[in-house]
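Here's the structure, in structure tokens; my notes come after.
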Ligand SMILES: Cc1cc2nc3c(=O)[nH]c(=O)nc-3n(C[C@H](O)[C@H](O)[C@H](O)COP(=O)(O)OP(=O)(O)OC[C@H]3O[C@@H](n4cnc5c(N)ncnc54)[C@H](O)[C@@H]3O)c2cc1C
């Protein structure tokens, strides 16, 4: 039997494409190597599945993806946030938007999201096969003729869609198989690295802050003289460095393929200018007879105050009044410009996404069709698109899967 479309990968992108094609009356086969569909989808958002971020204007939404924004405009104009919300609501799945704009199923269950697709695909007559790992492609006249499974079975189709995801959290099944295939097919894979991953800090002693979370920090990433990214938001200190939304988001720019090392500068008081904070410190230190540690606690959390004094070699139990101008300037710098050095990638198995992937120059955004192999389609994280945390990466899977499945 020859299918109209074979979809490789039963994650959110493959599920959406399969459903769209099946509902158009196509003979579609979805192949997933795991026993279960959507393993990564099921652990997303801590099992609650943050399906998107409630940004109705597709132009604003596209800007969240940096260099991929232009490519995404025609995609989001057809299938963006309003459309994915409508898609689930039309299928009787209630959604809720939390105050930080993140959209979840009202039930808080990622399994409910998966169930929408399984029901939709089977009702529309699509075929799902799990425990089917695609191993290779047979090409003829620059077209994919067949795929070969690990079992040796060959499957023919008119069109093929690769939706195998990236290579992070490989235990979920996304082990980066497609990068090799795509290179063999003549495609370009841009440099890959782990994204939305905890930051490994090189600083001695930072471990002392493990567990401390701060709700509003400004992070500035640079390599040498080059300013690379700025991110505002919450962070948490970990045993090996930093995590939390702002740290995870800025990790998308830690491209060690391009730079050897990075400096991350933390501003613990982004609302105050350097001058205003200096005036505040002068007043605080002169005000009453407190220990310097207690005065500083009015500006930063107690653990951070003690840590800053320790690394500066200032006795925390001296009176604030006797802090010298030079010491005050050092304290000021530690609050406004605390430097963390980063010399290495985090582990892919701790990264929510893979940054880099199939070059967007080689994909037609109107159809998600390859510009090199005309019966090949691409969708989801395998593409060179990396969004921040907060539902942006699943939105890529839904939108690109929708376009590919409807061509
Ligand atoms: C812990 C965690 C939490 C996350 N939370 C969120 C969140 O709340 N919101 C959000 O927007 N994003 C979140 N993400 C990111 C998001 O889950 C991914 O971007 C998204 O799943 C990518 O979808 P995809 O369909 O492209 O690929 P995947 O979900 O990776 O699916 C690819 C599928 O292809 C299958 N496959 C691979 N190779 C083969 C092969 N050779 N043959 C057959 N099948 C194959 C895999 O088994 C897998 O099931 C999270 C990621 C992680 C790791």
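Numbering (our numbering), first residue to last: 16 to 422. Cβ atoms here follow ideal geometry from the backbone N, Cα and C, with glycine treated the same way.
TODO: Report yes or no: do the stretch 51-65 and the stretch 176-190 share at least 3 C-beta pairs separated by less than 8 Å?
DONE: yes
TODO: Would you identify the three-state DSSP class for residue 325, choosing helix, strand or coil?
DONE: As a working mapping, residue 325 is identified with position 310 in the chain shown. Three-state result, residue 325: helix.
Open item on the list: For residue 286 and residue 143, I'd like the C-alpha separation in whole angstroms.
Closed with: Within the chain shown, numbered from 1, the residue matching residue 286 stands at position 271. Within the chain shown, numbered from 1, the residue matching residue 143 stands at position 128. Those two C-alpha atoms are separated by around 53 Å.
TODO: Note down the Cα distance separating residue 391 from residue 168, rounded to an integer number of angstroms.
DONE: Counting from one through the chain shown, the residue named residue 391 turns up at place 376. Counting from one through the chain shown, the residue named residue 168 turns up at place 153. Between residue 391 and residue 168, the C-alpha separation is close to 20 Å.
TODO: Flag this pair as yes or no: are the beta carbons of residue 166 and residue 215 separated by less than 8 Å?
DONE: Indexing the chain shown from 1 puts residue 166 at position 151. Indexing the chain shown from 1 puts residue 215 at position 200. No. Outside cutoff.
TODO: Can you give me the start and stop residues for the alpha helix (DSSP H) that residue 35 sits inside?
DONE: Here residue 35 is taken as the residue at index 20 of the chain shown, counted from 1. Counting along the chain, the alpha helix (DSSP H) containing residue 35 begins and ends at 27-38.
TODO: Going by DSSP, name the residue or residues bridged to residue 238.
DONE: For this step, residue 238 is matched to residue 223 along the chain shown. Paired residue(s): 241.
Task: Option nearest residue 115 by Cα separation, candidates 203, 404, 313 - done: Taking the first residue of the chain shown as position 1, residue 115 is located at position 100. Comparing Cα-Cα distances from residue 115 to each of 203, 404, 313, the minimum goes to 404.
Task: Minimum C-alpha distance to residue 314 - residue among 292, 67, 414, 302 - done: In the chain shown, counting from the first residue as 1, residue 314 sits at position 299. If we check each option's Cα against that of residue 314, 292 comes out closest.
Open item on the list: Following a CB-centred definition, is residue 185 positioned closer than 7 Å to any heavy atom of ligand 1?
Closed with: What you label residue 185 is simply residue 170 of the chain shown in a count that begins at 1. It does not: the Cβ of residue 185 is nowhere closer than 7 Å to a heavy atom of ligand 1.
Task: Three-state secondary structure assigned by DSSP to residue 213 - done: Indexing the chain shown from 1 puts residue 213 at position 198. Three-state result, residue 213: coil.
TODO: Look up residue 195 in the DSSP assignment and give the residues it is bridged to.
DONE: Along the chain shown, one-based indexing puts residue 195 at 180. None; residue 195 has no bridge partner.
Open item on the list: Considering only DSSP beta bridges, list what residue 289 is partnered with.
Closed with: Here residue 289 refers to the residue found at position 274 when the chain shown is read from its first residue. DSSP, once it has assigned bridges, lists no residue as partnering residue 289.
Open item on the list: Let me check one thing: in DSSP terms, what residues is residue 282 bridge-paired to?
Closed with: Within the chain shown, residue 282 is the residue found at index 267, counting from 1. 233, per the DSSP bridge assignment.
- [ ] Sort 319, 296, 356 by Cα distance to residue 337 and report the nearest one.
- [x] Taking the first residue of the chain shown as 1, we reach residue 337 at position 322. Nearest option by C-alpha distance: 296.
Open item on the list: According to DSSP, is residue 129 part of a helix, a strand, or is it coil?
Closed with: Walking along the chain shown from the start, residue 129 turns up at place 114. Reduced to three states, the DSSP call for residue 129 is helix.
Open item on the list: Strictly by DSSP, which residues pair up with residue 169?
Closed with: As a position in the chain shown, residue 169 is number 154, starting the count at 1. Answer is 163.
Open item on the list: Please report the distance separating the alpha-carbon of residue 159 from that of residue 29.
Closed with: For the purposes of this step, residue 159 is identified with residue 144 of the chain shown, where counting begins at 1. For the purposes of this step, residue 29 is identified with residue 14 of the chain shown, where counting begins at 1. Looking at the two C-alpha atoms, the distance is approximately 18 Å.
Task: Per DSSP, cross-strand counterpart(s) of residue 138 - done: Numbered from 1 along the chain shown, position 123 holds the residue referred to as residue 138. Beta-bridge pairing links residue 138 to no other residue.
Task: Check: residue 27 C-beta below 7 Å from any heavy atom of ligand 1 - done: Walking along the chain shown from the start, residue 27 turns up at place 12. Flag set: Cβ of residue 27 near ligand 1.
Open item on the list: Need the endpoints of the beta strand (DSSP E) that residue 89 sits in, please.
Closed with: Here the question's residue 89 lines up with position 74 in the chain shown. Not the beta strand (DSSP E): residue 89 falls in the alpha helix (DSSP H), residues 84-93.
Open item on the list: Under 7 Å: does the beta carbon of residue 407 sit that close to some heavy atom of ligand 1?
Closed with: Position 392 of the chain shown, counted from the start, is the residue given in the question as residue 407. Answer for residue 407: yes, Cβ within range of ligand 1.
Open item on the list: Distance check for residue 274 and residue 310, CA to CA, integer angstroms please.
Closed with: Numbered from its first residue, the chain shown carries residue 310 at position 295. Numbered from its first residue, the chain shown carries residue 274 at position 259. Rounded to the nearest angstrom, the two C-alpha atoms are 40 Å apart.
Task: Selected residue, minimal CA-CA separation from residue 398, among 202, 172, 47 - done: What you label residue 398 is simply residue 383 of the chain shown in a count that begins at 1. Of the candidates 202, 172, 47, the one whose C-alpha sits nearest the C-alpha of residue 398 is 202.
- [ ] With a threshold of 7 Å, establish whether the CB of residue 47 neighbours any heavy atom of ligand 1.
- [x] Counting from 1 along the chain shown, the entry for residue 47 is found at position 32. The answer is yes for residue 47.
Task: Contact set for residue 88: own chain, Cβ-Cβ below 6 Å, skip 5 residues either direction - done: One-based indexing of the chain shown puts residue 88 at position 73. Only 77 meet the Cβ criterion.
Open item on the list: For residue 94 and residue 249, what's the separation of their Cα atoms in angstroms?
Closed with: Position 79 of the chain shown, counted from the start, is the residue given in the question as residue 94. Position 234 of the chain shown, counted from the start, is the residue given in the question as residue 249. Cα to Cα, the separation comes out at about 30 Å.
TODO: Check whether the Cβ atoms of residue 63 and residue 103 lie closer than 8 Å to each other.
DONE: Along the chain shown, read from residue 1 onward, the residue named residue 63 stands at position 48. Along the chain shown, read from residue 1 onward, the residue named residue 103 stands at position 88. Their beta carbons are not under 8 Å apart, which means residue 63 does not touch residue 103 by this criterion.
Open item on the list: Could you check whether residue 244 and residue 361 sit closer than 8 Å to each other, using their CB atoms as the reference points?
Closed with: Here residue 361 refers to the residue found at position 346 of the chain shown. Here residue 244 refers to the residue found at position 229 of the chain shown. Cβ atoms of residue 361 and residue 244: not closer than 8 Å.
Task: Of the listed residues 326, 335, 322, 329, nearest to residue 302 (C-alpha basis) - done: Mapped onto the chain shown, residue 302 falls at position 287. Closest by alpha carbon: 335.
Open item on the list: Do residue 207 and residue 371 count as a contact pair if the criterion is CB distance below 8 Å?
Closed with: For the purposes of this step, residue 371 is taken as residue 356 along the chain shown, with counting starting at 1. For the purposes of this step, residue 207 is taken as residue 192 along the chain shown, with counting starting at 1. Yes, the pair counts as a contact, with Cβ atoms nearer than the cut-off.
- [ ] May I ask you to report which of helix, strand or coil DSSP gives residue 398?
- [x] Taking the first residue of the chain shown as position 1, residue 398 is located at position 383. Residue state, collapsed to three classes: strand.
Task: Selection from 241, 401, 109 that minimises the alpha carbon distance to residue 367 - done: As a working mapping, residue 367 is identified with position 352 in the chain shown. Here the closest residue by C-alpha is 401.
Task: Secondary structure of residue 249, DSSP reduced to three states - done: As a first step, residue 249 is located in the chain shown; it is residue number 234 there, counting from the start. It is a strand residue.
TODO: Tell me where the beta strand (DSSP E) around residue 410 begins and ends.
DONE: Numbered from its first residue, the chain shown carries residue 410 at position 395. Premise fails: residue 410 lies in the alpha helix (DSSP H), 407-421, not in any beta strand (DSSP E).
Task: residue 242, buried or exposed, once every other Cβ within 10 Å from all chains shown has been counted against 16 - done: Within the chain shown, the letter at position 227 stands for residue 242. Exposed.
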